[in-house]
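Peer 1:
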Amino acid sequence: MFGVYGVVAIRLASQSAPINETAMTNKKSSTPRRPRPADNAFKGETIRGGVNEPTYGGALSFMRRHYAKSAAGADLAIWGVPFDAATSNRPGTRFGPRAIRAASAILEGDPQYPWGFDPFAKLSAVDVGDCSLDYGNHDEVPREIEKQAKEILATGATLLTLGGDHFVTYPLLKAHAAKHGPLALVQFDAHQDTWHPEAGRIDHGSFVARAAIEGLIDVKHSIQIGIRTHAPATHDIEIVHGNAVETLGVAAVAKKILKRVGKKKAYLSFDIDALDPAFAPGTGTPVAGGLTSREALMMLRLLAPINFVGFDVMEVSPPYDQSEITAIAAAHVAMHFVSLVAMRRGTK
Ligand SMILES: [Mn+2]
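Below you can see the structure in the form of structure tokens.
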């Protein structure tokens with residue numbers, strides 16, 4: 100059983116994104132292994148290439164990327180949206196971007212596993228800091244997120260957002276759809292997020308309904324993976340339930356995603372609660388019976404053929420986390436996003 104499954108997974112992986120075995124086994128890097136001086140986030144002279152700071156020290160940014168006020172000239176911009184006022188249960192995701200940046204410090208310098216290359220040798224990337232929001236004026240929050248996201252997208256950079264609760268994805272989709280048209284949504288989540296789609300509501304459980312109703316997503320090419328709660332409507336989006344990932348297997352689910360999306364431009368939204376609470380305890384609305392982090396990361400890797408134009412990882416709530424388990428999972432998810440972009444974009 101495992102042997103057959105393994106062959107399928109390897110074949111699919113080799114078709115979509117060949118692994119550089121030499122880099123994987125030798126762990127050779129374009130940069131020396133000895134730690135360099137700390138604080139590349141501020142002192143970096145280039146927005147390319149790996150760095151080798153001590154994992155435990157130095158100024159934090161996502162994967163030690165240089166902080167920049169503008170994403171101009173970069174292939175990829177990493178951005179935080181520390182907003183958690185739309186959550187229905189546990190708050191705390193306003194601390195998510197900071198925690199994911201801290202957890203990502205273990206991911207710089209080496210070829211990233213299992214990709215076998217340093218993504219920043221292939222693409223330039225900057226950390227553009229966090230979205231500026233007024234905590235006392237929630238009505239302005241959706242407009243502000245959309246406006247600031249549009250400013251980043253106008254530079255030509257691909258945007259990778261660290262949340263924040265899942266409401267944030269709604270204004271992010273507005274900004275991306277304004278540039279690209281309706282997008283195929285690939286959503287990893289325990290929840291369909293199709294509740295209470297009234298205009299003006301600020302609710303982390305409604306972004307999918309709003310996006311479908313407003314035509315921000317192309318529902319016929321959209322798919323949700325890991326669902327294990329009921330919701331009022333599917334909006335004709337394909338659903339792969341949490342238990343199906345085990346019965347079908349990772350490679351078969353990845354094939355379903357590739358088939359559903361086809362050649363459409365796509366947006367990848369990863370709610371960390373797609374993972375089981377064992378792998379992501381620090382989140383707003385945990386649901387038992389979820390994916391393992393291994394299953395999720397394997398699936399992400401198999402999505403390399405998809406033309407993703409935007410990414411987010413949402414719902415990391417550090418006050419409910421233990422030993423950074425959730426933040427580490429989210430940092431690895433985001434690293435896979437970076438590697439997906441590197442696979443497609445190559446060197447600019
Ligand atoms: Mn969710």
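Just so you know, we're using the numbering used here here: the sequence shown kicks off at 100 and counts up by one.
No residue lacks a Cβ here, since even glycine has one placed at the ideal position from N, Cα and C.
Whose CA, out of Leu159, Ser169, Asp264, lies closest to the CA of His303?
Peer 2: As a position in the sequence shown, residue 303 is number 204, starting the count at 1. Measuring from the Cα of His303, the nearest candidate turns out to be Asp264.
Peer 1: Counting only the same chain and skipping the five closest in sequence on each side, list residues whose C-beta sits under 6 Å from that of Val360.
Peer 2: What you label residue 360 is simply residue 261 of the sequence shown in a count that begins at 1. Excluding sequence neighbours, Val360 sits near Ala283, His320, Ile405.
Peer 1: When every heavy atom of ligand 1 is checked, does at least one fall within less than 6 Å of the C-beta of His290?
Peer 2: Taking the first residue of the sequence shown as position 1, residue 290 is located at position 191. Yes, the beta carbon of His290 sits closer than 6 Å to at least one heavy atom of ligand 1.
Peer 1: In angstroms, rounded to a whole number, what distance separates the CA positions of Leu374 and Ile146?
Peer 2: As a position in the sequence shown, residue 374 is number 275, starting the count at 1. As a position in the sequence shown, residue 146 is number 47, starting the count at 1. If you take the alpha carbons of Leu374 and Ile146, they lie about 32 Å apart.
Peer 1: With DSSP as the reference, label Tyr166 as helix, strand or coil.
Peer 2: One-based indexing of the sequence shown puts residue 166 at position 67. Residue state, collapsed to three classes: strand.
Peer 1: Pull up the distance between the alpha-carbon of Asn125 and that of Lys273, whole angstroms please.
Peer 2: Within the sequence shown, numbered from 1, the residue matching residue 125 stands at position 26. Within the sequence shown, numbered from 1, the residue matching residue 273 stands at position 174. No answer about Asn125 holds up, because its pLDDT of 38 lies below 50 and its placement is not dependable.
Peer 1: With a CB to CB cut of under 6 Å and the five nearest residues on each side skipped, what residues in its chain are close to Ala80?
Peer 2: Residue 80 is absent from the structure shown; the chain starts at 100 and stops at 447.
Peer 1: When DSSP builds the beta bridges, which residues end up paired with Ala224?
Peer 2: Numbered from its first residue, the sequence shown carries residue 224 at position 125. Bridge partners of Ala224: Leu175.
Peer 1: Skipping 5 residues on each side, what residues in its chain have a beta carbon closer than 6 Å to that of Phe161?
Peer 2: Counting from 1 along the sequence shown, the entry for residue 161 is found at position 62. Ile177, Arg200, Ser203, Asp226, listed in sequence order.
Peer 1: Work out the CA separation of Ala298 and Tyr212 for me, nearest whole Å.
Peer 2: Here the question's residue 212 lines up with position 113 in the sequence shown. Here the question's residue 298 lines up with position 199 in the sequence shown. Rounded to whole angstroms, Tyr212 to Ala298 spans 42 Å at the Cα level.
Peer 1: For Glu337, name the three-state secondary structure that DSSP assigns.
Peer 2: Within the sequence shown, residue 337 is the residue found at index 238, counting from 1. Three-state result, Glu337: strand.
Peer 1: Near Ala433, what residues of its chain come up, given a Cβ to Cβ distance below 6 Å and the 5 sequence neighbours on each side ignored?
Peer 2: Within the sequence shown, the letter at position 334 stands for residue 433. Around Ala433: Val412.
Peer 1: So, does the CB of Phe182 fall closer than 7 Å to a CB anywhere in chain C?
Peer 2: The structure shown contains no chain C, having only a single protein chain.
Peer 1: Taking the alpha-carbon of Val386 as reference, which of His340, Leu401, Met397 has the nearest alpha-carbon?
Peer 2: The count along the sequence shown starts at 1 and reaches residue 386 at position 287. Minimum Cα distance to Val386 is reached at His340.
Peer 1: Name the two residues that bound the continuous alpha helix (DSSP H) containing Lys142.
Peer 2: Residue mapping note: residue 142 aligns to position 43 of the sequence shown, counting from 1. Per DSSP, Lys142 belongs to the alpha helix (DSSP H) from 139-142.
Peer 1: Would you check if there are 3 or more beta carbon pairs closer than 8 Å linking the region 345-362 to the region 375-383?
Peer 2: These segments do not touch.
Peer 1: Which whole runs of the alpha helix (DSSP H) in the region 223-290 are 4 residues long or more, in chain order?
Peer 2: With a minimum length of 4 residues, the continuous alpha helix (DSSP H) runs that stay inside the region 223-290 are 240-252, 268-279.
Peer 1: Which one or two residues does DSSP pair with Asn406 in a beta bridge?
Peer 2: Position 307 of the sequence shown, counted from the first residue, corresponds to residue 406. BP columns for Asn406 point to Lys364.
Peer 1: So what's Leu357 in DSSP terms, helix, strand or just coil?
Peer 2: Taking the sequence shown and counting its residues from 1, the one referred to as residue 357 is at position 258. Leu357: helix per DSSP, three-state reduction.
Peer 1: Under 7 Å, do Gly348 and Gly262 count as touching if we go by C-beta distance?
Peer 2: Within the sequence shown, residue 348 is the residue found at index 249, counting from 1. Within the sequence shown, residue 262 is the residue found at index 163, counting from 1. Against a cut-off of 7 Å, the Cβ pair of Gly262 and Gly348 comes out as no contact.
Peer 1: Tell me the DSSP secondary structure of Ile316 in three-state form.
Peer 2: Locating residue 316 in the sequence shown gives position 217, where the first residue counts as 1. DSSP places Ile316 in strand when its eight states are reduced to three.
Peer 1: What did DSSP end up calling Asp372 once you bin it into helix, strand or coil?
Peer 2: Position 273 of the sequence shown, counted from the start, is the residue given in the question as residue 372. Helix at Asp372.
Peer 1: Using CA coordinates, which residue listed in Gly235, His431, Ala198 is at the minimum distance from Leu206?
Peer 2: As a working mapping, residue 206 is identified with position 107 in the sequence shown. If we check each option's Cα against that of Leu206, His431 comes out closest.
Peer 1: Compute the minimum distance between the beta carbon of Asp264 and the heavy atoms of ligand 1, and state whether it is under 6 Å.
Peer 2: For the purposes of this step, residue 264 is taken as residue 165 along the sequence shown, with counting starting at 1. No, ligand 1 has no heavy atom inside 6 Å of this Cβ.
Peer 1: Return the first residue and the last residue of the beta strand (DSSP E) that Ala427 is part of.
Peer 2: Position 328 of the sequence shown, counted from the start, is the residue given in the question as residue 427. Note on residue identity: the sequence assigns Ile, not Ala, to residue 427. Here Ile427 belongs to no beta strand (DSSP E); instead the alpha helix (DSSP H) covers 424-444.
Peer 1: To the nearest whole angstrom, what separates the beta carbons of Ala256 and Leu367, a pair I think is in contact under 8 Å?
Peer 2: In the sequence shown, residue 256 corresponds to position 157, counting from 1. In the sequence shown, residue 367 corresponds to position 268, counting from 1. With 8 Å as the limit, Ala256 and Leu367 do not qualify as a contact, their Cβ atoms being about 16 Å apart.
Peer 1: Indicate the three-state DSSP secondary structure (helix, strand or coil) for Ala122 in the structure shown.
Peer 2: For the purposes of this step, residue 122 is taken as residue 23 along the sequence shown, with counting starting at 1. Bear in mind that the predicted position of Ala122 carries a pLDDT of just 40, short of 50, making it unreliable; the figure below should be weighed with that in mind. If DSSP states are grouped into helix, strand and coil, Ala122 belongs with the helices.
Peer 1: Can you list, in chain order, the residues of its chain whose CB lies under 7 Å from that of His435, leaving out five sequence neighbours each side?
Peer 2: Position 336 of the sequence shown, counting from 1, holds the residue named residue 435. Around His435: Leu396, Leu399, Arg400.
Peer 1: Buried or exposed: Gly172, going by 16 or more other Cβ atoms within 10 Å of its Cβ?
Peer 2: Position 73 of the sequence shown holds residue 172. It counts as exposed.
Peer 1: Which residue's Cα is closest to the Cα of Pro296: Phe287, Val307, His290, Lys221?
Peer 2: Sequence index remark: in the sequence shown, residue 296 carries index 197 (1-based). If we check each option's Cα against that of Pro296, Val307 comes out closest.
Peer 1: Would the C-beta of Asp372 count as close to ligand 1, meaning under 6 Å from any of its heavy atoms?
Peer 2: In the sequence shown, residue 372 corresponds to position 273, counting from 1. Answer for Asp372: yes, Cβ within range of ligand 1.
Peer 1: In whole angstroms, what is the alpha-carbon distance linking Gly191 and Ala428?
Peer 2: Along the sequence shown, read from residue 1 onward, the residue named residue 191 stands at position 92. Along the sequence shown, read from residue 1 onward, the residue named residue 428 stands at position 329. Near 17 Å, if we compare the C-alpha coordinates of Ala428 and Gly191.
Peer 1: Does the Cβ-Cβ distance between Gly383 and Glu414 come in under 7 Å?
Peer 2: Taking the sequence shown and counting its residues from 1, one reaches residue 383 at position 284. Taking the sequence shown and counting its residues from 1, one reaches residue 414 at position 315. Result yes, Cβ atoms of Gly383 and Glu414 sit closer than 7 Å.
Peer 1: Would you list the one or two residues that DSSP bridges to Phe216?
Peer 2: For this step, residue 216 is matched to residue 117 along the sequence shown. Beta-bridge pairing links Phe216 to Gln211.
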